[in-house]
Amino acid sequence: MAKLYFCSHDGNFRKVFKSEKKAEQWKEQNGQLAFVTEVTYNNKKEIIKVDDQDFDDFVESISDEIGTPEFIRVKKSLMEEWAFTDLVH
400 MAKLYFCSHD GNFRKVFKSE KKAEQWKEQN GQLAFVTEVT YNNKKEIIKV DDQDFDDFVE
460 SISDEIGTPE FIRVKKSLME EWAFTDLVH
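Each number in our numbering corresponds to the 1-based position in the sequence shown with 399 added.
Put into structure tokens, the structure is as follows:
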């Protein structure tokens, strides 16, 4: 399993870190509107957790019930936004 830390400020994506410590330092430097999202991937580089919550449960919590068109749309969007990358800080 691998983890990446996606950093955003005021809802806008900024950086990706491999290290939680570096992500938290970035957050401290960028003020109250800075957020870090921890994304966990399986060995196939598929998202399995977001902030220690099952990925499907996370998507459902911010969209609609599992299987609905809204759920599918949001999940696809997050999979693209948080796709695993080796281009990290």
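Glycine included, each C-beta is placed from N, C-alpha and C at the ideal position.
Ile465 classed as buried or exposed, judged by whether at least 16 other C-beta atoms fall within 10 angstroms: What you label residue 465 is simply residue 66 of the sequence shown in a count that begins at 1. Ile465 counts as exposed, since fewer than 16 other beta carbons sit within 10 angstroms of its beta carbon.
Candidates Arg413, Asp456 and Thr467, of which the one nearest Val435 by Cα: Here residue 435 corresponds to residue number 36 of the sequence shown, with the count starting at 1. The residue with the shortest Cα to Cα distance from Val435 is Arg413.
Buried or exposed (CB count within 10 angstroms, at least 16 for buried), Glu469: Position 70 of the sequence shown, counting from 1, holds the residue named residue 469. That one is exposed.
Three-state secondary structure assigned by DSSP to Leu477: The residue you call residue 477 lines up with position 78 of the sequence shown. In the structure shown, Leu477 sits in a helix (DSSP, three-state: H, G or I).
For Glu459, three-class secondary structure by DSSP: Residue mapping note: residue 459 aligns to position 60 of the sequence shown, counting from 1. Three-state DSSP puts Glu459 in a helix.
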